Each structure stands twice: as C-alpha cells, then as structure tokens.
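J.:
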Amino acid sequence: MGRKKITYWTAIKIVKFFIIFYALGITGNLIYKNTKHIPAEKFVMRSDSEGYYQYLPHFFIYDWDDMGKMHWAKDYKPGVKLNMYTCGIAIMQIPFFFIAHFSSIYFELEADGYTSVYFMWILLATIFYVGLGLLFLYKSLRRYFSKKISFWTTLLIFFATNLYYYSLISPGMSHAYSFSLISMFVYFVPRFYDKQCFKNILMVSIPLGLATLIRPTNILIVLYFFFYGITNINDFRNRLKLFFKNWYYILTMLIVGIVIFIPQMLYWHTITGKYIFYSYRDEGTFPFLWSPKILTVLFGARNGWYIYTPLMFLASCSLIYLVIKKKLNSLATLIIMIVIIYINSSWWRPTFSSATGYRALIGFYPFMVIPLAFLLNKIYTQKRIVKIAFTFLLVIFVVYNLLFNYQYNSDVWWNHEWTWSNFSRLITF
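Number 199 in this note's numbering belongs to position 89 of the sequence shown; there are no gaps in the numbering.
Set out below in structure tokens:
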C-alpha cells in the first residue's frame with residue numbers, strides 16, 4: 111500500500127510540474143510574440159527548424175515521391191534536393207504532429223503541416239521535452255545534493271542560460287531536444303553502474319542513439335559512459351576489463367543505435383542510393399582542427415559561451431576544482447567538455463552563426479549541473495554576507511539572460527559585423 115501511495119503522489123507532483131511549466135512556457139512565448147510582433151512561423155518554424163521538422167509533412171501528408179523536393183534542403187542533383195538535417199527531432203515530434211494534424215482535419219482546418227496549429231504543437235512538444243529533461247536533471251542532482259540545492263540548480267539552468275530561448279522562443283531548433291535526451295542519459299549512466307543489466311544498458315542506449323540522430327556530434331557523450339566514476343589508471347583498467355568481459359553491453363548499444371538510425375538511412379538511400387551518407391557536405395568541414403578558435407568560442411563578442419552565459423564560467427571553475435579533488439565524476443565531465451569545445455572550435459563556423467549565446471553547448475549543460483550544484487552547496491554554507499552577495503550575482507545572471515533572450519534579433523547577427531561596440535544593444539530595452 112505504501113508503495114502505491116508514493117507512486118500516486120509522485121505522479122501528482124509530476125502532473126503539477128508540467129501544468130506549471132506549460133503555463134510558464136506559453137507565457138514566455140507570448141511575451142516574445144507580443145513584444146516583437148513576430149508571427150509564429152517566423153520563430154517556431156524558420157531556418158534549421160524547418161529542416162528538422164519537414165520530414166513529418168513529407169512522410170505523413172505529401173506523396174513519398176516528393177521526398178526529394180523538401181523546401182529547406184540543398185540541391186543534390188538536378189530535380190532532387192537533400193535535407194542535410196537528420197530526422198531525430200521529427201521522430202520525437204511525431205505524437206504532437208499527429209495531434210495537430212488530426213485536430214486540423216476534425217475541425218476542417220487546413221491540414222498541410224504548416225499552419226499555426228502545427229506550430230503551436232511544435233512549441234508544446236519542445237516544452238514537454240525540456241520539462242522532462244529538467245525532471246531528469248533534478249533526479250540526477252538528488253543523488254548527491256539536497257532538495258533545495260537540486261531545485262535551485264535546475265531553475266538556474268533554465269532561467270540563467272540560453273536553454274530558455276531555445277525552449278520557448280525558438281523551439282524548433284535541436285538544442286532543447288539534445289538537452290532533454292542528454293539529461294536522461296546522464297541520469298541512467300550511474301544506474302547502469304549501480305546494477306549492470308540489460309534494462310539499464312537499454313535505458314542508456316536509447317537516449318544516446320536518439321541524441322546522436324539529432325546532432326551527430328552528440329555521439330561524444332558516450333565518453334561519459336566509459337569514463338564515469340574513473341579517477342585513476344586502475345579504475346580505467348578495471349573499466350576495460352568490465353567491458354571486455356561483458357562485451358554484449360557494447361553490442362547492445364551498437365544494435366540500438368543502428369535500429370534508431372534506420373529511418374535516416376532509408377531516407378539517405380532514397381535520395382542518394384547510399385545507406386550511409388554525410389549530408390552536411392560543404393557545411394560539414396573542420397578547417398581549424400590544428401588551430402581551434404577556442405577563445406572565440408569561450409570569450410568571443412559573437413556568441414562567446416562565457417560572455418553570454420556567465421553562469422557557465424562559474425560552473426567551469428567549480429569543475430576544475432572538482433577534478434583537482436577527484437570528486438563527483440568530474441574527470442568524465444571535463445573530458446566531455448574539452449572534446450566538444452575543441453570540436454566546435456574546429457568547425458568551419460565556430461560561432462555557429464546566428465544564435466542566442468553559444469547554442470552548440472546547450473545539449474551539454476546536463477554535464478555542468480553537478481559542478482554548478484556543488485558550487486551552490488559550498489557558497490550557501492558560508493557567512494550570510496557571502497550568501498547575499500552570491501544570490502545577488504545569480505539574480506543578475508538571470509535578468510541578463512532574460513533581457514538578452516528577449517532582445518535578440520537574428521537580423522542583427524546576419525546583417526552586421528558583430529563587435530563589442532554594439533554589444534550593449536542586446537541587453538537594453
């Protein structure tokens with residue numbers, strides 16, 4: 111009986127959370143829409159967002175022969191276009207797309223996949239997945255920290271970073287979905303090492319596979335799985351022995367990954383005749399591998415991670431401290447962050463073009479929450495004046511982030527040489 115009551119009340123709390131989060135999300139979106147007077151199709155379904163989404167109308171509404179005629183795609187050969195974006199987000203949006211489509215048919219509205227009804231449900235899909243990601247993030251933090259620290263850390267990740275923008279204002283992009291899946295991955299990795307079994311390796315493999323299908327560079331998170339809990343060379347040797355002995359866990363991960371990629375491989379084969387294809391082509395080069403633009407990524411006037419999301423500078427300092435002290439799986443997190451920052455710094459456009467802050471790292475925020483929570487836990491055991499000063503700083507970070515999010519206009523990014531001289535335009539009303 112006691113177990114059922116716990117399950118019931120937990121379910122009630124989760125429902126309440128989603129009701130509040132949906133209300134917050136829709137309100138945040140409406141504020142942007144009404145202050146900027148921008149129609150939904152301009153911020154929900156634009157640029158890359160359409161590239162991710164367009165698999166759905168072309169698969170479920172239009173003729174399959176038109177797969178090579180997607181709007182947001184590049185010429186592959188005469189009369190045939192190739193969508194460079196993978197279909198991971200489209201797969202996650204399917205339930206919400208169906209609701210939009212069948213409700214449009216039922217109410218005799220235009221059901222072509224590109225009306226405000228569809229855009230609204232894309233927004234609701236993103237809010238749902240971000241909410242789910244935040245729940246898993248909170249549960250991961252509770253493994254090490256109190257309810258209060260876990261709660262406030264989770265809130266900060268949403269309100270003091272550009273996750274807010276890519277959840278509520280530009281919800282069609284991939285970053286919020288990556289964040290959600292990687293939050294799940296981070297939650298299930300320690301559960302696998304607590305109890306090594308088929309169920310737990312499956313729960314690690316599914317978010318890993320989907321996250322990779324959404325953004326191929328997300329495959330790097332597998333490093334966290336292999337380096338989790340390692341603090342010295344003996345730990346590393348034991349980890350190698352574990353997987354050599356239990357090789358079927360690695361095989362399971364590979365099989366799950368292949369199964370998840372089947373829809374994408376079928377699309378590639380339909381367009382190119384090949385099951386494996388590098389769809390980014392000219393835009394997928396890494397010309398800076400030997401001269402990575404790390405300072406540009408971290409401190410650049412255009413999208414610099416620490417400049418536009420200063421909360422992550424504090425989290426990074428905390429991470430370095432934890433690595434020195436060999437605590438809280440910090441080595442695994444450091445390896446992940448070094449590799450992804452290096453890869454992004456080597457990309458042909460290391461700033462990732464038009465963006466609200468450094469968007470390419472949003473999916474990796476789940477790795478930074480433990481260092482951040484550790485910092486909060488340390489600070490809030492100090493003297494009252496220290497706690498007040500730090501709280502004031504966090505409030506500044508939140509206000510700064512929200513001002514920037516609501517002031518951001520991609521036309522500024524595209525049409526101007528972005529320098530420090532016009533930086534202040536984005537943080538003033």
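Beta carbons: idealized from backbone N, C-alpha and C, even for Gly. It should be emphasised that the depicted structure is a prediction, and the values quoted were computed from it without experimental measurement.
#1: Using the beta-carbon count (16 or more within 10 Å), is PRO205 buried or exposed?
#2: Taking the straight line between their C-alpha atoms, what separation do you get for VAL369 and ILE171?
#3: If you follow the alpha helix (DSSP H) that ASP345 is part of, which residue opens it and which one closes it?
#4: Pick from THR196, PHE238, LEU421, PHE217: whose alpha carbon is nearest that of LEU134?
#5: Determine the extent of the alpha helix (DSSP H) in which LYS257 is found, giving its start and end residues.
#6: Classify LEU361 as buried or exposed, calling it buried when 16 or more other Cβ atoms lie within 10 Å of its own Cβ.
#7: Hey, would you say GLY198 sits closer than 7 Å to LEU330, going by beta carbons?
#8: What residues are listed by DSSP as bridge partners for ASP392?
#9: Taking just the CA atoms, how far does TYR186 sit from LYS126?
#10: Return the chain-ordered list of same chain residues with a C-beta closer than 7 Å to the C-beta of SER213, the five sequence neighbours on each side being excluded.
#11: Tell me whether VAL509 is buried or exposed, calling it buried when 16 or more other Cβ atoms sit within 10 Å of its Cβ.
#12: Need the endpoints of the beta strand (DSSP E) that LEU192 sits in, please.
#13: Would the beta-carbon of PRO460 fall within 7 Å of that of THR406?
#14: Please determine if the stretch 448-455 and the stretch 468-483 are in contact, where contact requires at least 3 C-beta pairs separated by less than 8 Å.
#15: If you draw a straight line from the C-alpha of LEU251 to the C-alpha of PHE474, how long is it?
#16: Under a three-way DSSP split, which group does TYR186 fall into?
#17: Please name the residue in THR529, LYS403, GLN492 whose C-alpha comes closest to that of ILE450.
#18: Work out the CA separation of ILE279 and SER428 for me, nearest whole Å.
#19: Would you grab the beta carbon distance between PRO481 and LEU432 for me? Rounded to a whole angstrom, and I think it's under 8 Å.
#20: Could you check what DSSP says for CYS427 in three-state terms: helix, strand or coil?
#21: With H, G and I counted as helix, E and B as strand and the rest as coil, what does DSSP make of ILE124?
#22: So for GLY112, helix, strand or coil by DSSP?
#23: Rounded to whole angstroms, what is the Cα-Cα separation between LYS309 and ILE316?
#24: State the Cα-Cα distance for the pair ILE343 and PHE398, rounded to the nearest angstrom.
#25: So GLU56 is in the alpha helix (DSSP H); what residue range does that whole segment cover?
#26: Is the stretch 411-430 in contact with the stretch 482-491, if contact means three or more CB pairs nearer than 8 Å?
#27: Is the distance from the Cβ of VAL296 to the Cβ of TYR338 below 7 Å?
#28: Just checking, does the stretch 270-284 make contact with the stretch 155-162 on the three C-beta pairs under 8 Å criterion?
#29: Assign LYS114 to one of two classes, buried (16 or more other C-beta atoms within 10 Å of its C-beta) or exposed (fewer than that).
#30: Classify GLY383 as helix, strand or coil using the three-state DSSP reduction.
#31: Using a C-beta cutoff of 7 Å, does TYR142 count as contacting chain C?
#32: For TRP173, which three-state DSSP category applies?
#33: Is it buried or exposed, GLU160, if we count other Cβ atoms within 10 angstroms and call 16 or more buried?
#34: Which word fits TRP231, buried or exposed, when buried means at least 16 other C-beta atoms lie within 10 angstroms of its C-beta?
#35: Quick one, which of ILE259, PHE387, THR419 has its alpha-carbon nearest PHE269's?
#36: Among LEU320, LEU364, TRP378, which residue has its Cα nearest to the Cα of LEU192?
T.: On the basis of the coordinates in this document:
#1: exposed
#2: 24 Å
#3: 343-355
#4: PHE238
#5: LYS257 -> alpha helix (DSSP H) spans 257-269.
#6: With fewer than 16 neighbouring CB atoms inside 10 Å of its own CB, LEU361 falls in the exposed class.
#7: no
#8: Looking at the DSSP assignment, ASP392 forms no beta bridge with any residue, so it has no partner.
#9: 48 Å
#10: So the list reads VAL227, once near-sequence residues are dropped.
#11: exposed
#12: 190-192
#13: yes
#14: Contact check between the stretch 448-455 and the stretch 468-483: three or more CB pairs, one atom from each, fall below 8 Å, which counts as touching.
#15: In a straight line, the C-alpha of LEU251 is about 15 Å away from that of PHE474.
#16: TYR186: strand per DSSP, three-state reduction.
#17: LYS403
#18: 30 Å
#19: 6 Å
#20: Looking at CYS427 - three-state DSSP - the assignment turns out to be helix.
#21: helix
#22: Note on GLY112: pLDDT 41, under 50, position unreliable in the model; no value is reported.
#23: 11 Å
#24: 31 Å
#25: Since the first residue shown for the chain is 111 and the last is 539, residue 56 is missing from the structure and cannot be characterised.
#26: yes
#27: Taking 7 Å as the cut-off, the Cβ atoms of VAL296 and TYR338 do not count as close.
#28: yes
#29: Any reading at LYS114 needs caution, since the residue's pLDDT is 45, under 50, leaving its predicted position unreliable; the model's value is listed next. Classification for LYS114: exposed.
#30: Residue state for GLY383 is assigned as coil, using DSSP reduced to three classes.
#31: Among the protein chains of the structure shown there is no chain C, as only one such chain exists.
#32: As written in the sequence, residue 173 is Asp, which differs from the Trp given in the question. Residue state, collapsed to three classes: coil.
#33: Residue environment: GLU160 is assigned as buried (16 or more neighbouring CB atoms within 10 Å of its CB, all protein chains considered).
#34: buried
#35: THR419
#36: TRP378
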